[in-house]
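Enquirer: The structure that follows is given in the form of structure tokens.
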Amino acid sequence: MKVLVRLISFCGKYWRRLSLAFVFLIAGTAFQLLIPRLLGKSIDIVLTSGESSLIIMAAAAVIGASALRGFAAYGQRYLGQVVAQKTCYDIRNAFYDRLQRLSFAYHDHAQTGQLMSRATIDVNAIQRFFSEAFLGSIQITLMIAGISYLLITMDWTLALLTLAFMPPIMWRAITFSNRIRPIWLEIQQLYAALGTTLQESLMGIKVVKAFSRQAEENRKFSADARILYDTEINAASQQAFNMPLMAFLLSLPTALILWYGGRQIIEGSLTVGDLIQFILYLGMLAMPIRRLGNMINTISRTVSAGQRILEILDAESQVKEKPDAIKLGRLKGEVTFENVSFSYNSMGPTLKDTSFSVPAGALVALLGDSGSGKTTIAHLLARFYDINSGRITVDGIDIRDVTLDSLRKNVVTAQQDVFIFSATIRENIAYGVPEASLEQIVTAAKAARLHDFIMSLPDGYETWVGERGVTLSGGEKQRLVIARTLLMNPSILILDDSTSSVDAETERFIRLSLDKLIKGRTTFIITHRLPIIRNADLILMLKDGCVVEQGKHKELMALNGLYKQIYQTQLAQNNGGKESGKEG
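So, in structure tokens, the structure goes:
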């Protein structure tokens, strides 16, 4: 009930439409209950008076009641669908908005296929509840209550004999719902798992083909699909057994009415019209009882889906903005880490008691082995994660005291994992600044040495790139991301290995452009490219989450420490082997 109440609360803003739908529902139910009464009374009047003209009047009354019922049913269904669609539109948007606001820590563990399943299959299940079961369950309640009242007013003995069958039928419907609900929850989980398998396989299709693993991937997908198939067959078999059983149980009171009611007619205590009313009302009662099973089934699926949706809506981001957070203006770019420690999980800290200070406008090179903490520093500076202890400041202001939006407009990262959207090249470059003019976009593209390539394409900046930039080479994607980052003109720029996929000549052009663009802004570069490292104002040498050495190139070489060792054994060799001799 808690899940249903929370889902129904999304309808609150549409209470006017919902109230009108209730009015139509009550009117339609009343006209539907009136039709058997009109038929029964008309038959009794005709049989007692013998006037055939009354049949025409009775038929006209029935047609009129049916027309009004149809109009009311149309109003109820139309308004119910409008409220259902609008409510699920809001739920889907709230779901997506929550995903956007959750921190990196949540998305590090979330499975894309699971999230996609919740946004589609689960929301569709909720939509079916609002369009069918929400108002439908109220209509069923009114129908059962109304028919019970009318039957009792006609003949309470026959009514009680008939209605005595209803509690066990309802009990059967409820117990079936309790048994089928966990099965539907399992089915929804299996759909999500199947979606995850499909999504991973499609994203890695090139790797699958390169390693000739098509057969293995097919077996993996088939195994997941088989489990889903077996579970759905289980649910279908239970439904297939339950529906005929419900129909059989509903046929028992009909036989009782014919036997007992027929005797009462012979005795003269019941009219033919009343017996017909009993039979018609019982037939009318059979419909909501049958629908009750479907409604309970729909509600069961809704509760299962609602639990999965609300789990996301209730998820808390580890990175939270203070209510009185400061909105930053344009920063100068001074950055300080004061005894910062951080861990992604309980396995151990990624950064340990890290401290350094970077003056505004400095070029900083982050150097170290994989897992040493280079990318973590970049993530913490943009506050994608919150530190465990210590303090990070920009221009002397703790980043936890400022709004996330204003911080990330000043601190922009060209991440190692290059992502290109399915859009035009112009839209991809202007992603962070959608209002940018074409002239500004071209300037950024020229700075990233991408303009000439773009102009060689048939549609230039309006060229559409495929999913994840599949139509671009690795170097072209890297340069596009650099152009996207530079267009934002941040105070603090972080280049996370952003030139790793370009050739030496292209990198030289990019570096020449960056030499102009980094002036006036603080720049962090995670790289093993020797020319960039040698020209850095500050080199941070990291090992096992600690800054073990910091300073300029010549200062670190003079220390005869880890930096010099790595420089002589790795950097100089990786960059052509000529630089080692210069330093001696």
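Throughout, this note's numbering is defined as the position within the sequence shown, counted from one, plus 954.
Note that CB positions come from ideal geometry on N, CA and C, so glycine has one too.
Restricting to Cα atoms, I'd like to know which of L1305, P1313, G1429 is closest to G1474.
Expert: That would be P1313, whose Cα lies nearest to the Cα of G1474.
Enquirer: Alpha carbons only, please: which of P1207, S1020, A1012, M1249 is nearest the one belonging to P1121?
Expert: Nearest of P1207, S1020, A1012, M1249 to P1121, Cα basis: P1207.
Enquirer: State the Cα-Cα distance for the pair I1520 and P1277, rounded to the nearest angstrom.
Expert: Those two C-alpha atoms are separated by around 46 Å.
Enquirer: Can you give me the start and stop residues for the alpha helix (DSSP H) that D1359 sits inside?
Expert: First-last of the alpha helix (DSSP H) with D1359: 1358-1364.
Enquirer: F1291 and I1351: beta carbons closer than 8 Å?
Expert: Cβ atoms of F1291 and I1351: not closer than 8 Å.
Enquirer: Do T1304 and D1450 have their CB atoms nearer than 8 Å?
Expert: For T1304 and D1450, no; Cβs fall outside 8 Å.
Enquirer: Is G1090 buried or exposed, if buried means 16 or more other CB atoms sit within 10 Å of its CB?
Expert: Buried is the call here.
Enquirer: Would the beta-carbon of I1493 fall within 8 Å of that of A1319?
Expert: Going by C-beta atoms, I1493 is nearer than 8 Å to A1319.
Enquirer: Starting from V1396, trace the beta strand (DSSP E) in both directions and tell me its first and last residue.
Expert: Element bounds for V1396: not the beta strand (DSSP E) but the alpha helix (DSSP H), 1392-1401.
Enquirer: Which residue from G1283, S1020, I1263 puts its Cα closest to that of C1542?
Expert: Lying before the first or after the last residue shown, residue 1542 is absent from the chain, which here runs from 955 to 1538.
Enquirer: Can you tell me which of D1355, G1325, I1250, N1299 puts its alpha carbon nearest to the alpha carbon of L1282?
Expert: Per the Cα distances, D1355.
Enquirer: Which class does M955 belong to by DSSP, given the choice of helix, strand or coil?
Expert: Residue state, collapsed to three classes: coil.
Enquirer: With DSSP as the reference, identify every bridge partner of F1310, one or two as the case may be.
Expert: Its beta-bridge partners are F1291.
Enquirer: Can you list, in chain order, the residues of its chain with a C-beta nearer than 6 Å to that of R1023? Leave out the 5 residues immediately preceding and following it.
Expert: Once the five neighbours on either side are set aside, the close Cβ partners of R1023 are G982, F985, Q986.
Enquirer: Starting from L1484, follow the alpha helix (DSSP H) in both directions and report where the run begins and ends.
Expert: Looking at the DSSP string, the run of the alpha helix (DSSP H) that includes L1484 is 1484-1488.
Enquirer: How close, in whole Å, do the beta carbons of P990 and Y1235 come, if the pair is a contact with beta carbons under 8 Å?
Expert: With a Cβ gap of about 5 Å, P990 and Y1235 count as contacting.
Enquirer: Run through DSSP, which three-state label would D1450 get?
Expert: In the structure shown, D1450 sits in a strand (DSSP, three-state: E or B).
Enquirer: Using only CA atoms, which one of V1372, L1053, N1342, I1331 lies nearest to T1477?
Expert: With distances taken between Cα atoms, T1477 lies closest to I1331.
Enquirer: To which residues of the same chain is F1084 closer than 7 Å at the C-beta, ignoring the five residues directly before and after it?
Expert: For F1084, where only same-chain residues beyond five positions count, the Cβ hits under 7 Å are V1037, A1038, T1041, C1042.
Enquirer: Note down, in chain order, each residue of its chain lying with its Cβ closer than 8 Å to the Cβ of R1284, except the 5 sequence neighbours on either side.
Expert: Excluding residues within five positions, the ones whose Cβ falls inside 8 Å are N1364, S1445.
Enquirer: What does the Cβ neighbour count give for S1427, buried or exposed, with the cut at 16 atoms within 10 Å?
Expert: With fewer than 16 Cβ atoms within 10 Å of its Cβ, S1427 is classed as exposed.
Enquirer: Classify S937 as helix, strand or coil using the three-state DSSP reduction.
Expert: Absent from the structure is residue 937, since the part of the chain shown begins at 955 and ends at 1538.
Enquirer: Assign T1116 to buried or exposed, taking buried as 16 or more other Cβ atoms, counted over all protein chains shown, within 10 Å of its Cβ.
Expert: Label assigned to T1116: buried.
Enquirer: List the whole-angstrom C-beta distance separating G1260 from V1000, where the pair is believed to meet the contact cut-off of C-beta under 8 Å.
Expert: In fact, because the Cβ distance is near 53 Å, the residues do not count as touching under 8 Å.
Enquirer: With M1200 as the anchor, note down where its alpha helix (DSSP H) starts and where it stops.
Expert: Counting along the chain, the alpha helix (DSSP H) containing M1200 begins and ends at 1168-1210.
Enquirer: Grab the span of the alpha helix (DSSP H) containing K1518 for me, first residue to last.
Expert: First-last of the alpha helix (DSSP H) with K1518: 1516-1520.
Enquirer: Does the region 1265-1273 come within contact of the region 1013-1023, defined as at least 3 CB pairs closer than 8 Å?
Expert: No contact exists between the region 1265-1273 and the region 1013-1023.
Enquirer: Tell me whether R1345 sits in a helix, a strand or coil according to DSSP, three-state version.
Expert: Looking at R1345 - three-state DSSP - the assignment turns out to be strand.
Enquirer: May I ask you to report which of helix, strand or coil DSSP gives G1535?
Expert: In this predicted model, G1535 has a pLDDT of only 39, less than 50, meaning its place in the structure is not dependable enough to derive any value.
Enquirer: Could you check the C-alpha separation between L1056 and I1243 for me, to the nearest Å?
Expert: Looking at the two C-alpha atoms, the distance is approximately 44 Å.
Enquirer: Distance, Cα to Cα, T1256 vs L1411?
Expert: Approximately 50 Å, taken between the alpha carbons.
Enquirer: Would you call V977 buried or exposed, if buried means 16 or more other Cβ atoms sit within 10 Å of its Cβ?
Expert: Exposed, since its Cβ has fewer than 16 Cβ neighbours within 10 Å.
Enquirer: Give the secondary structure of L1114 by DSSP, where H, G and I count as helix, E and B as strand, and everything else as coil.
Expert: If DSSP states are grouped into helix, strand and coil, L1114 belongs with the helices.
Enquirer: What residue range is occupied by the uninterrupted beta strand (DSSP E) comprising I1480?
Expert: Note, I1480: beta strand (DSSP E), 1476-1480.
Enquirer: List the DSSP bridge partners of V1501.
Expert: According to DSSP, which records beta bridges pairwise, V1501 is partnered with L1496.
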